[in-house]
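The structure under discussion appears below in the form of structure tokens.
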Amino acid sequence: MKALLVLAGIVLLFVLMGMVWAKTASQPELGIHDGKLLPLPKKPNGVATQSGNTEQHMEPIPYSGDREAARQKLLQILNQLPHTTLIKEDSEYIWIEFRSPFFGFPDDVEFSFEDSLIHFRAAARLGHSDMGVNYKRMENIKTLFQQ
Numbered sequence: 002m003k004a005l006l007v008l009a010g011i012v013l014l015f016v017l018m019g020m021v022w023a024k025t026a027s028q029p030e031l032g033i034h035d036g037k038l039l040p041l042p043k044k045p046n047g048v049a050t051q052s053g054n055t056e057q058h059m060e061p062i063p064y065s066g067d068r069e070a071a072r073q074k075l076l077q078i079l080n081q082l083p084h085t086t087l088i089k090e091d092s093e094y095i096w097i098e099f100r101s102p103f104f105g106f107p108d109d110v111e112f113s114f115e116d117s118l119i120h121f122r123a124a125a126r127l128g129h130s131d132m133g134v135n136y137k138r139m140e141n142i143k144t145l146f147q148q
């Protein structure tokens, strides 16, 4: 019984440390550089349309018509998603921070707009793997945008 209490205490300590670590993670320097979003780190924690790594590559979101209308539509979708914070926005770029519901682990999702295409980069800020969370999130956003 005593060993079980010690084990529970250790687990609780690690959970609390993880929560503090997630809340204090600093924002990276992101954005558009040389006309593109930054490459993903060499770990399985994200997806991007401009990734040279086929395992992390997704196709961009196509749109027709006005770029500003597409940007506004995407912003409306993003504002309806839970656990999001708008970090930066201009006429060609959107940066949103998503946080996991329980631990609050941050993921950075960026969008850049070209004529008829929305490129994106979605990556976990912490940890080695995101267990496919960013892939699923971006599939959902693409589906919502194309409705």
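Positions in the sequence shown are counted from 1; adding 1 to them yields my numbering. All residues carry an ideal CB built from backbone N, CA and C; glycine is no exception. The structure displayed is predicted, hence computed values, not measured ones.
Buried/exposed call for residue i, threshold 16 Cβ in 10 Å
i, result
"phenylalanine 106", "buried"
"leucine 8", "exposed"
"phenylalanine 103", "exposed"
"lysine 24", "Low confidence applies here, because lysine 24 scores a pLDDT of 49, under 50, leaving its location unreliable; read the following figure in that light. Under this definition lysine 24 is an exposed residue."
"isoleucine 11", "exposed"
Residues bridged to residue i [DSSP beta-bridge criterion]
i, result
"histidine 58", "Ala49"
"proline 159", "This structure leaves residue 159 out entirely; the chain is present only between 2 and 148."
Collapsed DSSP secondary structure at residue i in the structure displayed
i, result
"tyrosine 136", "helix"
"glutamate 69", "helix"
"leucine 87", "strand"
"leucine 31", "coil"
is_contact[residue i, chain B] using C-beta, thresh 8 Å
i, result
"lysine 89", "No chain B is part of this structure, which consists of one protein chain only."
Sequence-distant residues of its chain with Cβ nearer than 7 Å to residue i (five each side left out)
i, result
"alanine 38", "The residue you asked about is not alanine; residue 38 is leucine in the sequence shown. Around leucine 38: Ala49, Gln51, Glu111, Ser113, His120 and Arg122."
"lysine 143", "Ile62"
Cut-off 8 Å between Cβ atoms - residues of its own chain near residue i, not counting five sequence neighbours on either side
i, result
"glycine 128", "Asn46 and Phe106"
"glutamate 69", "Ser92"
heavy atom of the ligand MG below 7 Å from residue i C-beta
i, result
"arginine 138", "Within the structure as shown, the ligand MG is missing, as the structure has no ligands at all."
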